[in-house]
Amino acid sequence: MNFKEVSNLKKRLSEQAIAEEQLGIAYREGRPNVNWGDFFNEDGKIRKDAYINSKEAPNQRVWMLVNKGQVFVDLLKKLSVRKIMDIMLGDEYILSSHGANIVRPGNSPMPLHTDQWWMPPPTRKDRRHLPAGSINRKLFDIDEIHRKAISPPVVFNVVWMLDTFTEENGATRLVPGSHLLGKQPVIGIKSIPAEAQSGTALILDGRTWHGTGANIGKTQRRAILTTFCAPQFRPQENYTVGIKRHVLKMADNDLRSLLGLKVWNAYGRNGHPTDEFIDPDAQLIGELKPNLN
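What follows is the structure, encoded as structure tokens:
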């Protein structure tokens, strides 16, 4: 990203983050038990109040950036990044999430994780595997004997660095080569900070062990986090119902495809399997009865 692009992104993000704080709807995290993935209590219930405008958690997330400014939509068109996605994810892929992470001093580091933790791993045909629907952020499956085969990458992340990333200000930490280990992160493994200049785009294989670092400096560090995934998989953000209508009205076919509105091999349809795109506002066929006259 060039200087002007970074400046425009910083300005729009700052405006949005401050406004969400003022309205009492800011999503905050970055404390023990108030970090990414700690969404449920011991009873399995969502802990929404632990994150919304929490005064104890320093970091702020800004979600659904597609709805929050054209400058964020334009970022999805970055040709240099999209060419890499074309190679790594193939002919078709969708947007899984497009948000921002504002990491402030005093936060707790995020535990290492992968972004395709939900992918069932290869296993032996006679082994009793964990049912796919029972996998969650705390419970994974792995065949310790059948370890030569690993799942392919179906997710890629782009970390757009709006500020220079340093170890001191909480740069994303990662474990090089971990995308080929075929398992989820283990506690105590050594990680390194992804340090780079403002304007850098860091692209991560979704199997890479990574997490937000601890900001022990005096200034915040900001990043846009964009995740793309293959069209077979459920995205993090539900754009088919969550997209603002003014954004949809202005969207070209490329953006509509990224938002999951393009029917993929008859999947994602809301009617006829040969429709190319779905229209969230379309009149759908409901219960009918024949005319007996």
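For the sequence shown, position 8 (counting from the first letter as 1) is numbered 10 according to the working numbering, and the numbering increases by one without interruption.
The beta carbon of each residue, even a glycine, is placed where N, CA and C say it ideally should be.
These numbers come from a predicted model, not from an experiment.
Exposed or buried, what is residue i when buried is set at 16 or more other beta-carbons lying within 10 Å of its beta-carbon?
| i | result |
| --- | --- |
| L294 | exposed |
| R224 | buried |
| S180 | buried |
| H274 | exposed |
| V188 | exposed |
| D207 | buried |
| H248 | exposed |
| E23 | exposed |
| I20 | exposed |
| L263 | buried |
| L77 | buried |
| F42 | exposed |
| N217 | buried |
| K70 | buried |
| T214 | buried |
| G190 | exposed |
| T174 | buried |
| E58 | exposed |
| N4 | exposed |
| A53 | The question names Ala, but residue 53 in the sequence shown is Tyr. With 16 or more other Cβ atoms within 10 Å, it is buried. |
| Q222 | buried |
| A134 | exposed |
| A28 | buried |
| E239 | buried |
| A284 | exposed |
| Y269 | exposed |
| I89 | exposed |
| N255 | exposed |
| P233 | buried |
| N267 | exposed |
| Q62 | buried |
Roughly how far, in whole angstroms, is the beta-carbon of residue i from the beta-carbon of residue j, given that I think they are within contact range, below 8 Å?
| i | j | result |
| --- | --- | --- |
| R258 | F279 | 6 Å |
| P292 | V243 | P292 to V243, Cβ: 32 Å. No contact. |
| V8 | L260 | Contact doesn't hold; Cβ gap of about 22 Å is too wide. |
| G184 | I152 | 3 Å |
| G26 | N55 | 5 Å |
| P107 | K220 | 6 Å |
| F158 | M87 | 6 Å |
| P237 | I96 | 6 Å |
| M112 | W38 | 5 Å |
| N272 | L286 | 6 Å |
Which residues does DSSP list as the beta-bridge partners of residue i?
| i | result |
| --- | --- |
| W266 | Y269 |
| S99 | T229 |
| F279 | K264 |
| Y29 | I54, R63 |
| F158 | D207, F230 |
| L176 | I194, H212 |
| H148 | Partner(s): none; H148 has no beta bridge. |
| F167 | A198 |
| V105 | R223 |
| H274 | DSSP output for H274 lists no bridge partner at all. |
| H337 | No statement about residue 337 is possible, as the shown extent of the chain runs from 3 to 295 and does not include it. |
Nearer than 7 Å: is that true of the beta carbon of residue i relative to any heavy atom of the ligand PLP?
| i | result |
| --- | --- |
| N295 | With respect to the ligand PLP, the structure offers nothing, as it holds no ligand at all. |
- Message: Under 8 Å: do the segment 212-227 and the segment 91-103 share three or more Cβ pairs, one atom per stretch?
- Response: yes
- Task: Quick one: which unbroken beta strand (DSSP E) runs of 3-plus residues sit fully inside the segment 185-226? Chain order, please.
- Result: The segment 185-226 contains, as complete beta strand (DSSP E) runs of 3+ residues, the segments 203-207 (chain order).
- Could you tell me whether the segment 15-33 touches the segment 117-129, using the rule of 3 or more Cβ pairs below 8 Å? no
- At 3 residues or longer, and completely inside the segment 35-73: list those beta strand (DSSP E) runs for me, N to C. 61-64
- Is the number of C-beta pairs between the segment 81-92 and the segment 192-199 that are closer than 8 Å three or more? no
- Message: Could you check whether the segment 137-146 touches the segment 56-76, counting it as contact only if at least three pairs of C-beta atoms, one from each stretch, sit closer than 8 Å?
- Response: no
- Task: Report yes or no: do the segment 107-118 and the segment 200-214 share at least 3 C-beta pairs separated by less than 8 Å?
- Result: yes
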